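2 protein chains.
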Amino acid sequence: MTEPLYKQVINTLIQRIADGEYLPGSMLPSEFDLAADLNVSQGTARKALVELELKGIVQRSQGKGTFVTVRTPENSLFHFFRLRTPQGQQVTPELLSTDVKIRASSKEERSLLFNAPKKVFEVSRVRTFKNQPLCHETSIVPIDLFPGLHERCPLPNALYVLFQQAYSCVVISAEENLTAGLLEDPVASLLQQKVGTPVIVARRQARDLLERVVELRTTTILTHGSSYNIDLR
Amino acid sequence: MTEPLYKQVINTLIQRIADGEYLPGSMLPSEFDLAADLNVSQGTARKALVELELKGIVQRSQGKGTFVTVRTPENSLFHFFRLRTPQGQQVTPELLSTDVKIRASSKEERSLLFNAPKKVFEVSRVRTFKNQPLCHETSIVPIDLFPGLHERCPLPNALYVLFQQAYSCVVISAEENLTAGLLEDPVASLLQQKVGTPVIVARRQARDLLERVVELRTTTILTHGSSYNIDLR
DNA sequence: TAGTGGTCTAGACCACCGC
DNA sequence: CGGTGGTCTAGACCACTAG
C-alpha cells in the first residue's frame, strides 16, 4: 500500500521548490524531461504538474512551459485581500503607516504557529483606499523564519511577496474567521474613526507550501466603500 | 477550432442532469458505458467525470460508481452556511420563524436574477443556535422557477434541498459580499437584540447547475458564539 | 466474483509560443 | 522551425465494493 507515483512526484517537486532548487518565476523541466528524471511516464508527470497548478504552486501555459508561481503585489492582493468595491472591482490599498516590534509570543500564538516560536515579529499597519482609512492589520510571524525582517523597512505593501523573494517562503492558503465588532481605541484613532463604528474583524492563519502556519493576522476592516467578497462552492 | 471532446461530454451530462434525466442520488453509467454511448474513449469520459466531481455536481467512489450529488441539510449547510464555533465545529441552526410573501420584484432584483422575473417570493427567516438568536435571512427567488413554493409550509431548514428535490434546481455555487453593520428595527427585535448591536450583513447571489442566478439572499448575522469561516486559496 | 473507479503507461496528433 | 503544454486514444493492472 504505497503512495501513488504521481503523489510522490508532487511531493518531490514541492520539496525542490521549498529548497530553492526551482526558484520563483523559473521554468520547470518539460513533462518529458521530468518524466525521464523521475522514472515515470509523461502522463504521470503531467498529472502531478496539473495538480500543482490547481494548488497554485506553478503556472502552466501552452507553448511556453511550467513556471514556479511568483507572488506579485497584484496576485497576492487578488488571492488574500478580498475587498471589492460595490462595482466588483479589486480594492488596491495604500499603506499609511507601519510599525514593527519584536516581542515574546503568547501561549496561543505558540500553539498555532509553526515550530512554536518563543519570539515573534508584530507588524501593525494602517491601509487607506482613495485617501480614506480602510483597515488596520496586525501580522504575527515567527522571528526565526524571517530573520532581519525588522531591518527591511519600509516593508512592501504585500508582505507575502517579501516572504517569497527574501525567504523562499510561499504563502499559498489561509483560513479566516470573521466576526462583527465595534471600533475601540487605540485602533479607532489610528483609523481616524469614532469609537463604536461597526467593523469586520478577520482573524487569519496563513500556510506556506509545506502547510506550515507561518503567519497569524488580525485585520480590522471598515466597510464603507467596499465589501468583503467570497466565493462559496 | 471546435470545443474539446471532454467539454462536450461535460455539457451533455450537465444538460441531462438539469433535464432530470439523471436524478439526484442516482448512479451515472460507468466510464466505459458513457464512453461507448458518447463515442469517445474511456479516458475522455473519465476526464469529464473528474471535472464534474471537482465542480461538486457528481460524487465518485471507487468500487461503487458515480452519483449525482444530493443536497442534504448537512452538505448544504457545510457548503453554504459558513458559521463555525470558536472550536471550529459546524454551527447547525434551528428555525425560529418563517415568513413567505409574494411581491413584485425591484428593478435591482430583476437585473440580477435569471430571466428578470416580475414577481418573486420573499422568504424571511430567523435562525437560532443553542436557543440563542443567530441570524435573520431574507431569500428572494423567482416565482416562475419555484411554483407553489408558498404552499409548501413549513419550509425545510435548508431551502436548497427543497430546490433540488421538488424543482430539479441544484445550487452549486454562490458569491457573497460581507459588510459590517449595526442592527436596526425591525430585524433587531426579531433577533431579540438591542438596536446598535454589531452584525455582519452578507449579500448572496446563488447559482444553479446552468450558472443561472436563482436566489438573492441577505443574511444578518450575530457573531456572539460563532464566526464566519473562510478558506482563501 | 463481477463491476466500479484509480493508477500508470505508450504513443499520436494538435495548438500555441518564440526564435 | 523546435519545444512546450493540451487533447485523445488504447490497453494493462490495481483497489475497492457489493452481492
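Going line by line, the protein sequences match chains A and B.
Take -3 as the starting number for the first sequence in the working numbering and just add one per residue.
Take -3 as the starting number for the second sequence in the working numbering and just add one per residue.
Backbone N, C-alpha and C fix where the C-beta goes; we use that ideal spot for every residue, glycine too.
Note that the structure is a prediction, hence the values are computed from the model and not measured.
Check, Outcome
"Using a Cβ-Cβ distance cut-off of 7 angstroms, determine whether PHE76/A contacts chain B.", "yes"
"Relative to the C-alpha of LEU79/A, which residue among CYS131/A, ARG121/A, CYS165/A and ALA100/A is closest?", "CYS131/A"
"Which chain B residues are close to LEU178/A, counting only those with a beta carbon under 8 angstroms from its beta carbon?", "PRO194"
"Using 8 angstroms for Cβ pairs, my map puts ALA44/A next to TYR18/A. What's the rounded Cβ distance?", "Contact flag wrong, Cβ pair sits at about 13 angstroms."
"Please state whether DSSP places LYS43/B in a helix, a strand or coil.", "helix"
"Please report how far the alpha carbon of ARG42/B lies from the alpha carbon of GLU27/B, in whole angstroms.", "6 angstroms"
"Give a yes or no on contact between the segment 90 to 109 of chain A and the segment 52 to 67 of chain A, applying the rule of three or more CB pairs nearer than 8 angstroms.", "no"
"Answer with buried or exposed for ASN7/A, where buried requires no fewer than 16 other C-beta atoms within 10 angstroms of its C-beta.", "exposed"
"Cutting at 6 angstroms between CB atoms, please list the residues of its own chain near GLN38/A, excluding the five before and the five after it.", "GLU27, PHE28 and ALA31"
"What does TYR224/A touch in chain B if you count any residue whose Cβ is under 8 angstroms from its own?", "ASN173, LEU174 and THR175"
"Comparing C-alpha positions only, which one of ILE226/B, LEU179/B, ARG56/B and TYR156/B sits nearest to VAL166/B?", "TYR156/B"
"For the segment 157 to 164 of chain A against the segment 189 to 199 of chain A, are there 3 or more C-beta pairs whose distance is under 8 angstroms?", "no"
"Strictly under 7 angstroms for the Cβ-Cβ distance: is ALA170/A near chain B by that measure?", "yes"
"Name, please, each residue of chain A whose Cβ falls closer than 9 angstroms to the Cβ of ARG229/B.", "LYS51, GLY52, HIS75, ILE168, SER169 and ALA170"
"Can you pull the chain B neighbours of THR219/A, defined as C-beta to C-beta under 7 angstroms?", "THR175 and ALA176"
"The alpha helix (DSSP H) spanning LYS71/B covers which residue range?", "It is Asn, not Lys, that sits at residue 71/B in the sequence shown. Looking at the DSSP string, the run of the alpha helix (DSSP H) that includes ASN71/B is 69 to 76."
"Can you tell me which of the three DSSP states PHE159/B falls into?", "helix"
"Exposed or buried, what is GLU104/A when buried is set at 16 or more other beta-carbons lying within 10 Å of its beta-carbon?", "exposed"
"To the nearest whole angstrom, what separates the beta carbons of ASN111/A and PRO129/A, a pair I think is in contact under 8 angstroms?", "No, ASN111/A and PRO129/A are not in contact; Cβ-Cβ is about 35 angstroms, not under 8 angstroms."
"Around the C-beta of GLU172/A, are 16 or more other C-beta atoms found within 10 angstroms, so that it is buried, or is it exposed?", "buried"
"Would you mind reading off the limits of the alpha helix (DSSP H) that contains ASP29/B?", "27 to 34"
"Would you identify the three-state DSSP class for LYS3/B, choosing helix, strand or coil?", "helix"
"Buried or exposed: where does GLN160/A fall if 16 or more other Cβ atoms within 10 Å of its Cβ makes it buried?", "buried"
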